[in-house]
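What the sequence shown shows, in this note's numbering, is residues 69 to 579, in sequence order.
Glycine included, C-beta positions come from ideal geometry on N, C-alpha and C.
Since this is a predicted model, take the numbers as computed values, not measurements.
The structure appears below as structure tokens.
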Amino acid sequence: MNLESKYSYALGLALSILFLVGSCETKPPTDLADHNLIPHPVEIAGTGGRFQLSTEATIQISDSTLQGVADYFIEVQPGMKMAMGQKADIALSLGANDQQLGQEGYLMNISENSITISANHAHGVFHGLQTLQQLIPLSSDKPVELATGTIRDYPRYEHRGSMLDVSRHFFGVEDVKRYIDFLATYKFNVLHLHLTDDQGWRIEIKSKPELTAIGGSTEVGGGEGGFYTQEQYQDIVQYAADRFITIVPEIDLPGHTQAALASYPKLNCDGKAGELYTGTKVGFSTLCTDSEATYEFVDAVVEELAAITPGPFIHIGGDESHATEKEDYIYFISRVQQIVSKHGKTMMGWDEIAQGEIEKETVVQQWNSAGNASKAAENGNRIILSPAKLTYMDMKYDSTSHIGYDWAALIEVDQAYNWDPDTINATVPAKLIYGIEAPLWTETVESMKDIEYLVFPRLPGYAEISWAPQSIRNWDEYRSRLAAHAPRFESEGIGFYRSPVVNWGKQDSIN
Ligand code: TNX
69 MNLESKYSYA
79 LGLALSILFL
89 VGSCETKPPT
99 DLADHNLIPH
109 PVEIAGTGGR
119 FQLSTEATIQ
129 ISDSTLQGVA
139 DYFIEVQPGM
149 KMAMGQKADI
159 ALSLGANDQQ
169 LGQEGYLMNI
179 SENSITISAN
189 HAHGVFHGLQ
199 TLQQLIPLSS
209 DKPVELATGT
219 IRDYPRYEHR
229 GSMLDVSRHF
239 FGVEDVKRYI
249 DFLATYKFNV
259 LHLHLTDDQG
269 WRIEIKSKPE
279 LTAIGGSTEV
289 GGGEGGFYTQ
299 EQYQDIVQYA
309 ADRFITIVPE
319 IDLPGHTQAA
329 LASYPKLNCD
339 GKAGELYTGT
349 KVGFSTLCTD
359 SEATYEFVDA
369 VVEELAAITP
379 GPFIHIGGDE
389 SHATEKEDYI
399 YFISRVQQIV
409 SKHGKTMMGW
419 DEIAQGEIEK
429 ETVVQQWNSA
439 GNASKAAENG
449 NRIILSPAKL
459 TYMDMKYDST
469 SHIGYDWAAL
479 IEVDQAYNWD
489 PDTINATVPA
499 KLIYGIEAPL
509 WTETVESMKD
519 IEYLVFPRLP
529 GYAEISWAPQ
539 SIRNWDEYRS
549 RLAAHAPRFE
559 SEGIGFYRSP
569 VVNWGKQDSI
579 N
């Protein structure tokens with residue numbers, strides 16, 4: 069090589085490095101299979117071509133029931149518009165003719181001419197659009213090229229949820245909506261709202277106004293608390309439904325009830341109102357289980373809550389009732405079971421409820437006791453897995469986390485991801501695992517910023533556990549996809565925890 073060609077070689081190399089670095093920022097992968105999708109799709113294959121998506125792309129729907137999902141997509145991808153004519157860049161349709169997709173799965177085909185998403189139900193099309201949104205580079209004000217290929221995708225579990233405790237610290241409607249948006253992006257379909265606890269009653273019950281007037285007036289630390297009017301709750305329910313997310317409301321009984329006991333004297337066995345509580349202890353309060361006034365109260369609450377909850381479930385808590393005698397507890401749960409059924413809903417409860425007689429339809433949420441879950445499984449109940457050691461997002465990541473607890477475990481991002489629901493309980497058959505829920509308890513969580521810090525980046529991992537087949541999950545591969553989501557978190561203003569187990573600097577696409 070002479071000097072001149074050495075120079076031009078070096079210049080060429082420098083230019084191509086520059087180009088490569090630049091292209092990392094602006095171009096999606098050239099092979100669809102090199103995507104950074106979370107959750108990972110069941111089947112994905114590149115076909116080697118390119119599709120150019122213009123900034124003024126048009127969307128077409130085959131069926132008016134898809135209007136809502138198309139509108140939602142247009143809202144989050146400004147610049148797109150509905151196609152009036154025959155030809156569209158993105159075509160959404162029902163009638164995928166693939167039973168295995170169920171209600172929630174979808175097929176996507178990105179060809180050189182167009183993108184099609186088809187499904188059996190609008191919910192599946194919605195999921196396809198969530199996938200597409202992750203494939204489109206951020207803030208794409210120029211036309212973008214997408215790799216061509218096909219995706220066939222459907223969830224592992226029917227119930228994919230997160231729980232938000234709005235009792236220990238109250239979070240307003242806008243915060244809850246932001247949380248719902250987080251869930252929708254990652255294809256969750258349930259938000260479990262922990263609406264009542266010792267420190268606060270957060271849902272208006274019109275026939276029991278003191279519950280919110282007194283019981284809603286404070287929170288952990290003595291702040292002013294708050295509550296949702298029924299109209300606000302219904303607004304949350306609708307916002308969630310627009311994103312195919314079902315709200316599961318929880319009224320925690322018979323323990324975790326100090327806010328109610330402070331509001332209505334007759335709920336106490338001695339007939340005297342309890343004191344409001346703003347500390348963080350658990351297990352000290354109980355409704356009076358042998359008084360009929362208690363069951364009239366529960367009936368009134370469940371009746372109003374059922375009337376404003378379109379989803380099938382009412383969660384009645386049932387955890388940590390250490391102040392209730394075991395036989396009283398068992399009697400109480402069976403009475404509450406009847407009340408929930410009478411109002412047309414299916415009961416859910418924390419794993420302790422399995423100690424008594426519960427109906428087969430009841431869903432048991434395992435957080436602590438594998439023994440309770442096994443008993444429920446013997447009875448044929450469906451189980452939701454929320455093992456505290458693995459899924460409690462209020463647990464610290466490591467000893468340096470500035471908020472959170474550590475009583476169950478320190479849960480680093482890899483530990484949160486690296487487990488198989490099928491091996492949690494030797495005695496629970498896989499077919500009874502209804503799904504996964506990652507709870508966020510808020511004793512130490514005071515603001516949206518605190519929520520974001522504990523939830524991100526663990527939440528996308530729980531999404532993948534509940535969606536993707538175990539056989540395609542692998543931490544080392546997942547963590548580079550997770551790193552590639554950092555710019556997305558940033559563009560949403562999400563203050564996430566930059567876990568040292570993820571190589572945030574090494575992003576191989578703009579995702
Ligand atoms: C246990 S989990 C609780 C909650 C606390 C949480 C704190 C469960 C069913 N009960 O009341 O907020 O621990 O980590």
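Tell me which residues pass a beta-carbon proximity test against the ligand TNX: closer than 6 Å to any heavy atom, given in chain order. My final list is VAL350, ASP387, GLU388, TRP418, TRP435, TYR460, ASP462, TYR473, TRP509 and GLU511.
Same chain only: Cβ atoms within 7 Å of ASP209, ignoring 5 sequence neighbours per side: So the list reads THR123, once near-sequence residues are dropped.
So, helix, strand or coil for ASP338, using DSSP? In the structure shown, ASP338 sits in coil (DSSP, three-state: anything other than H, G, I, E or B).
Is the CB-CB distance between TYR296 and GLU278 below 8 Å? Result no, Cβ atoms of TYR296 and GLU278 do not sit closer than 8 Å.
Quick one: what does DSSP say ILE313 is sitting in, helix, strand or coil? Of the three classes helix, strand and coil, the one that applies to ILE313 here is coil, per DSSP.
So is GLU155 buried or exposed if we call it buried at 16+ other beta carbons inside 10 Å? The amino acid occupying residue 155 in the given sequence is Lys; Glu does not appear at that position. Exposed.
Stretch pair the segment 288–302 + the segment 353–369: three plus CB contacts closer than 8 Å: The segment 288–302 vs the segment 353–369: no contact.
For GLU93, is the classification buried or exposed, using 16 other Cβ atoms within 10 angstroms of its Cβ as the cut-off for buried? Because GLU93 sits at a pLDDT of 40, beneath the cut-off of 50, its placement in the model cannot be relied upon, and the point is left open.
Host alpha helix (DSSP H) of LEU500 (start-end): Following the DSSP letters along the chain, one finds LEU500 in no alpha helix (DSSP H), marked with neither H nor E.
Rounded to whole angstroms, what is the Cα-Cα separation between TYR225 and GLN538? Distance from the CA atom of TYR225 to the CA atom of GLN538, rounded to whole angstroms, is 11 Å.
Among GLY147, GLN168, MET176 and GLY170, which has the Cα closest to the Cα of SER161? The candidate whose alpha carbon is nearest that of SER161 is MET176.
Alpha-carbon to alpha-carbon, ALA551 and VAL569: Taking the straight line from one Cα to the other gives about 10 Å.
Along the chain, where does the alpha helix (DSSP H) that runs through LEU251 open and close? Run containing LEU251: 241–253, per the alpha helix (DSSP H) assignment.
So what does DSSP say about ARG220, is it helix, strand or coil? DSSP, read as helix, strand or coil, puts ARG220 in strand.
Which of the three DSSP states, helix, strand or coil, is assigned to SER275? Correct three-state label for SER275: coil.
Please classify ASP266 as buried or exposed, where buried requires at least 16 other C-beta atoms within 10 Å of its C-beta. Counting C-beta atoms within 10 angstroms of its own C-beta, ASP266 has 16 or more neighbours from the protein chains shown and is therefore classed as buried.
Excluding five sequence neighbours on each side, which residues of the same chain lie with their C-beta closer than 8 Å to the C-beta of GLN168? For GLN168, same chain residues with a beta-carbon under 8 Å away, outside a window of 5 residues either side, are TYR222 in chain order.
Quick one: using the 10 Å Cβ neighbour count with 16 as the cut-off for buried, is ALA252 buried or exposed? So ALA252 ends up on the buried side.
Exposed or buried, which one is GLY503 when buried takes at least 16 other CB atoms within 10 Å? With at least 16 other beta carbons inside 10 angstroms of its own, GLY503 counts as buried.
Quick one: grab the DSSP three-state call for LYS457. LYS457: helix per DSSP, three-state reduction.
Assigned secondary structure, ALA215 (DSSP; H/G/I helix, E/B strand, else coil): If DSSP states are grouped into helix, strand and coil, ALA215 belongs with the strands.
To the nearest angstrom, report how far apart GLY116 and ALA215 are at their CA atoms. The straight-line gap separating the alpha-carbon atoms of GLY116 and ALA215 is approximately 7 Å.
Residue range of the alpha helix (DSSP H) that includes TRP509: From DSSP, TRP509 is part of no alpha helix (DSSP H); its letter is neither H nor E.
Tell me which residue opens and which closes the alpha helix (DSSP H) that THR362 is part of. It spans 360–375 - the alpha helix (DSSP H) in which THR362 sits, taken as one unbroken run.
Could you compute how far the alpha carbon of VAL89 sits from the alpha carbon of GLN128? With a pLDDT of 37 at VAL89, under the threshold of 50, the modelled position of that residue is not reliable, and the figure given next carries that caveat. So the alpha carbons of these two residues sit roughly 36 Å apart.
Locate the alpha helix (DSSP H) running through GLN201, then write down its first and last residues. Looking at the DSSP string, the run of the alpha helix (DSSP H) that includes GLN201 is 190–203.
Three-state secondary structure (DSSP) of LYS443: LYS443: helix per DSSP, three-state reduction.
Measuring alpha carbon to alpha carbon, tell me which of GLU560, GLU532, GLU558 and GLY561 ends up nearest ARG547. Comparing C-alpha distances from ARG547 to each of GLU560, GLU532, GLU558 and GLY561 shows the shortest one belongs to GLU532.
CA-CA distance, PHE141 and THR98? The alpha-carbon atoms of PHE141 and THR98 are separated by roughly 24 Å.
Spell out the partners DSSP gives LEU175 in its beta bridges. According to DSSP, LEU175 bridges with SER186 and ARG220.
Would you identify the three-state DSSP class for LEU71, choosing helix, strand or coil? Low per-residue confidence applies at LEU71: pLDDT is 44, beneath 50, and the placement is therefore not dependable enough to give any value.
By the 10 Å Cβ neighbour count, where 16 or more other Cβ atoms means buried, how is SER275 classified, buried or exposed? SER275 counts as exposed, since fewer than 16 other C-beta atoms from the protein chains shown sit within 10 angstroms of its C-beta.
What residues in its chain sit with their C-beta under 8 Å from that of GLY80, if we drop five residues either side in the sequence? Bear in mind that a pLDDT of 45 at GLY80, under 50, signals an unreliable position, so the model cannot answer this.
Consult DSSP for ASP490 and reduce its assignment to one of helix, strand or coil. Three-state result, ASP490: helix.
Candidates ALA330, THR354, ASN336 and PHE352: closest to GLU343 by CA position: For the residues ALA330, THR354, ASN336 and PHE352, the minimum Cα distance to GLU343 belongs to ALA330.
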